[in-house]
Amino acid sequence: MDFDPLSLFTPAVSSITVDVAVLEQSVENLDTVKIENFETSKNIIALLLSNDDNDLVPLHIHDLPLLRMKPAFVVLHVFLKLLAPLTVHNFEPPAETDKDTNATFDEKLISPQEAKGALEWLHDKGRFSSSDQLASVATLADLLRKTFAAQYNGWLTRLISSDLDWLSEEDQDSIKTLAALRLAENCGRTAQPEFIRHIDIPGLSKTIYLKEPSLTSDKLGLKTWGSLFILGRRLAQTVAYLKGTVLELGSGTGLVGMVAGVLGFQTVLTDLADIVPNLTDNVELNNIDATVDNLDWSNPKSYLDKHNLPRYTTIILSDPLYSSKHPAWIVSMINTFLEESEDARKDV
């Protein structure tokens, strides 16, 4: 005879009673609930898609164009432009702005024709059915990069590695180059490509734009340091610190020297030979009447010969010490170039 262990157990009397009729009615109502919930869900989705404020909803990686849908060149091009980092103002992290749609497109170098072409493809393929919604990508992109960093980098990597065989060869190169640029921007300061920093100093009549190339090797002069902003603001607030002709030593990206130029002083901005090209670009970018030249503190002979032993009323410099040799060199530069007069001064 087979032994069944369950025969040793006696089921306890349950205090829960089941009304079979009620249970059957509940099952019948379940389908109705499902249908009603489905209809409600559809209504919610429709409301979200038609809501004028849905451009405020955070971006998800799935909001970006899917490659399997073979998006048109103009769509990929516009999105990659809108995904560029926000403008850097002073030394604050990039922040959302209240720019209107047209101003956003202008800042991102997107023409009305490009925006229209992208919307024609996007109008029935997701949340970007209007110009306002499309422009919102620019302000929502930063949160997307932080929240879905791996997925964002993955989307860009797929763009770069894809054949994009539905596009022309020229368009393929353009998209891949722009995608590589966006990827580099998301990989830390030393990997970041060139960008323009906007500097607004109280008391100064104009915004100063500073081009900062990628940080390579030890070219610290290609970066704008915070102390330059402090000295520039100090000079703008108290113009009496500046007198006569002005010489800036170790100009770097040129912020302080350009402040002196904007304030109306005849200014010479100097730095090492490998820093001078970017320094020149910044002076020209801001349309400032100032002179840029190469001055090596360790051997100023070429500068002295070129300018016939010049002297300056004011010498300005900021954050000049990052080598044990610099203090002696700076003293030598001041002794060499500072004129002997009651107005002569140095601002550090």
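Its first residue numbered 294, the sequence shown is counted upward by one per residue in our numbering. Where a beta carbon is used, it is the ideal one built from N, C-alpha and C, also for glycine.
Taking the beta strand (DSSP E) that residue i belongs to, which residues open and close that run?
i: VAL585; result: 584 to 587
i: GLU541; result: 539 to 541
i: HIS491; result: 488 to 492
i: ILE644; result: Nothing about residue 644 can be read from this structure; the chain reaches only from 294 to 641.
i: ASP464; result: Not the beta strand (DSSP E): ASP464 falls in the alpha helix (DSSP H), residues 462 to 478.
Based on Cα-Cα distance, which residue from the options lies nearest to residue i?
i: PHE558; options: PHE372, ILE568 and VAL549; result: VAL549
i: LEU379; options: GLU400, ILE501 and LEU471; result: GLU400
i: TYR445; options: LEU457, LEU476 and GLN426; result: LEU476
i: MET626; options: ARG526, THR517 and LEU542; result: LEU542
i: PRO603; options: ASP612, VAL624, GLU633 and ASN580; result: GLU633
i: LYS469; options: SER595, SER455 and ASN587; result: SER455
i: ALA442; options: CYS480, LYS374 and HIS600; result: CYS480
i: LEU588; options: LEU614, LEU540, ALA621 and LEU556; result: LEU540
i: ASN571; options: LEU556, SER544 and PRO593; result: SER544
i: LEU375; options: TRP518, ASP425 and HIS619; result: ASP425
i: MET362; options: LEU515, HIS382 and LEU452; result: LEU452
With a 10 Å radius around its C-beta and 16 neighbouring C-beta atoms as the bar for buried, classify residue i as buried or exposed.
i: PRO351; result: exposed
i: ILE337; result: Low confidence applies here, because ILE337 scores a pLDDT of 47, under 50, leaving its location unreliable and the question unanswered by this model.
i: GLY547; result: buried
i: ILE494; result: buried
i: ILE489; result: exposed
i: LEU503; result: buried
i: THR450; result: exposed
i: ARG526; result: buried
i: ILE354; result: exposed
i: TRP448; result: buried
i: ILE492; result: buried
i: ASN344; result: Its pLDDT being 49, under 50, ASN344 is placed unreliably by the model, and nothing is read from it.
i: SER617; result: exposed
i: MET551; result: buried
i: PRO364; result: buried
i: TRP590; result: buried
i: TRP459; result: exposed
i: GLY496; result: exposed
i: SER595; result: exposed
i: GLU264; result: With the chain running from 294 to 641 in the structure shown, residue 264 is simply not present.
i: VAL430; result: buried
For the alpha helix (DSSP H) that contains residue i, what are its first and last residues?
i: LEU597; result: 594 to 600
i: ILE501; result: First-last for ILE501: 501 to 505, but that is the beta strand (DSSP E), not the alpha helix (DSSP H).
i: ARG361; result: Neither: ARG361 is in no alpha helix (DSSP H) and is coded neither H nor E.
i: SER424; result: 424 to 428
i: VAL350; result: Segment: none, VAL350 is in no alpha helix (DSSP H) and carries neither H nor E.
i: LYS409; result: 405 to 415
i: PHE558; result: From DSSP, PHE558 is part of no alpha helix (DSSP H); its letter is neither H nor E.
i: LEU441; result: In the sequence on display, residue 441 carries Phe and not Leu. Here PHE441 belongs to no alpha helix (DSSP H), and DSSP marks it neither H nor E.
i: THR573; result: 569 to 578
i: PHE398; result: 394 to 400
i: SER520; result: 519 to 530
Name the DSSP bridge partner or partners of residue i?
i: ASP564; result: ASN587
i: HIS711; result: Lying outside 294 to 641, the shown extent of the chain, residue 711 is not represented and no answer is given.
i: LEU631; result: TYR605
Closer than 8 angstroms: is that where the CB of residue i sits relative to any heavy atom of the ligand PLP?
i: VAL576; result: For the ligand PLP, the structure offers nothing, since it holds no ligand at all.
Comparing the C-beta of residue i with each C-beta of chain D, is any distance below 9 angstroms?
i: LEU515; result: Of the protein chains in this structure there is only one, and it is not chain D.
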